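I have placed the structure first, in the form of C-alpha cells, so that the comments after it can refer back to it.
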Amino acid sequence: MKTIVAGLSMSKLPDFEGMAMFAKVAEERSFAAAARAMGVSVATVSRAVSRLEERLGARLFNRTSRRLALTDFGHSLAERATRLYEEAEAAENAVREMSSRPRGLVRLAVPMSFGLRWVAPLLPDFFRAYPGITIDLHLSDAEVDLVGDGFDAALRIAVLPDSSLMARRLCPVSPVVLAAPAYLARHGRPLHPRDLNGHHCLGYAYRRRQDIWRFTNAAGEEESVVPSGPLRVTNADAMVPLLVEGLAIAELPEFMAAEYLADGRLTAILTDWSLPSGGLYFITPSARARPAKVGVLADFFIDRLSEPAWRRPPAGAGKPDEAA
1 MKTIVAGLSM SKLPDFEGMA MFAKVAEERS FAAAARAMGV SVATVSRAVS
51 RLEERLGARL FNRTSRRLAL TDFGHSLAER ATRLYEEAEA AENAVREMSS
101 RPRGLVRLAV PMSFGLRWVA PLLPDFFRAY PGITIDLHLS DAEVDLVGDG
151 FDAALRIAVL PDSSLMARRL CPVSPVVLAA PAYLARHGRP LHPRDLNGHH
201 CLGYAYRRRQ DIWRFTNAAG EEESVVPSGP LRVTNADAMV PLLVEGLAIA
251 ELPEFMAAEY LADGRLTAIL TDWSLPSGGL YFITPSARAR PAKVGVLADF
301 FIDRLSEPAW RRPPAGAGKP DEAA
C-alpha cells in the first residue's frame, strides 16, 4: 500500500524540468539552441520534452529534418510554461542575490563576559557599515551546539578540540592567576603552584575538563591544582568583587584581567608558570555556501579582534610579579 501511495504522489507532481525545457525550446525554436542556453545536452532536452508529451498525452512540436514548429496544443501551453520558467528564474536570482549580499538575520553565540566587554562595543560600527543585517546575540558561558541550536556563527574562547565546525583563530587568549595586593599582604604570595593548596581559590563551572589548574614552566615541570575556596561560578565576572576585595585568588582570561592589572587593583602571580593557553575563534557550522551576512561579520571580527587592546600593555609597564 505504501508503494502505491508513493507512486500516486509522484505522478501528481508537475514536471517542472520538462516544462522549463519545453519553454526554452519554444522560445529558441531549436532543441540545440535551447540546450546551449541551458548548458545541457541536446539529448537531455529531447528526453525532457518527450517525457512531458507522454505525460500530457499530446505532441507539443511538429518535427521535420528542417523545421520545428509548435502544435496547437504546444501553443496553448507555451505561454504558461514560459511564465513558469521566468518566475522560477526570478525566484532563484532573488535568493542568490540574498545569499551574496550582506543582509538578513545572524544568530551569534558569544561568551557573556567577552561579549559585554569586547563585542557589544563594536556593534554600533558594524551596524553602521551593514544596515541590512540584524544580529540575535546569545550571551552565555555555556557552550552551545551551533548546528543543533540553529546558530549561524559563534565566537568561542577555548583550547579548541578537533570538530566538524569551521574555525578561524583570531588571536591567542591566555589565562592569568590573580590576587589583590591586600590579599597577598595578608596571606603571602604563592611562589609555586602547590602553594595554592593553602589559599582561597575561586572555581569556574564551565571548564572543559574539570575545574583543575594545570601549570607548566619553562623547564617542563608540571603541577596540577584543584581550586578550593568559597565560590564557584558559571560566569567569571562574579569572581571579580571577591578578588578586588582581597578575599581570594582566581584565574581570569587576559581580556578581563587587563583592566585590573593596569590600574593595580589586581596583581598577576606565579608568572614563571603558565596555564594552557587557548584562542579566540570565529566558528561556523560549515565553510560551504556561507552567506554574505556571515562572511562580512567574520571579516569584521578578524579586523577588530585579531590585535585586541587587551594584548597591548600600557607603555612602561613592568612585569606584574616584580614587586614583592
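Taken in order, the sequence shown gives residues 1 to 324; the numbers are from this note's numbering. Backbone N, C-alpha and C define an ideal beta-carbon position, used for all residues, glycine too. Quantities reported herein were computed from a predicted structural model and do not represent experimental measurements.
- For the pair G203 and R232, the CB atoms are nearer than the 9 Å cut-off.
- When Cβ pairs closer than 8 Å are counted between the two stretches, the stretch 218–228 is seen not to touch the stretch 238–245, the count staying below three.
- No Cβ-Cβ contact shorter than 9 Å links S140 with M256.
- In this structure the stretch 131–149 lies against the stretch 280–287, because at least three pairs of beta carbons, one per stretch, are closer than 8 Å.
- Between L137 and L297, the C-beta spacing is not below 9 Å.
- As summarised for the stretch 251–279, the continuous alpha helix (DSSP H) elements at least 4 residues long and confined to that stretch are 254–262, given in chain order.
- L105 sits in a strand when the DSSP states are folded into three classes.
- Where M239 is concerned, there is no enclosing alpha helix (DSSP H), because DSSP gives it neither an H nor an E.
- The criterion of a C-beta distance shorter than 9 Å is satisfied by L275 and P175.
- When beta bridges are read from the DSSP output, D136 appears opposite R107.
- Contact between L184 and L266 is absent: CB atoms are separated by about 10 Å, not below the 8 Å threshold.
- Rounded to whole angstroms, the gap between the alpha carbons of G264 and H199 is 21 Å.
- Annotated as proximal: L252 and A236, with beta-carbon spacing under 9 Å.
- Between the alpha carbons of T44 and N62 lies a distance of about 19 Å.
- Using a 10 angstroms sphere on the CB of G74, the tally of other CB atoms reaches 16 or more, which defines it as buried.
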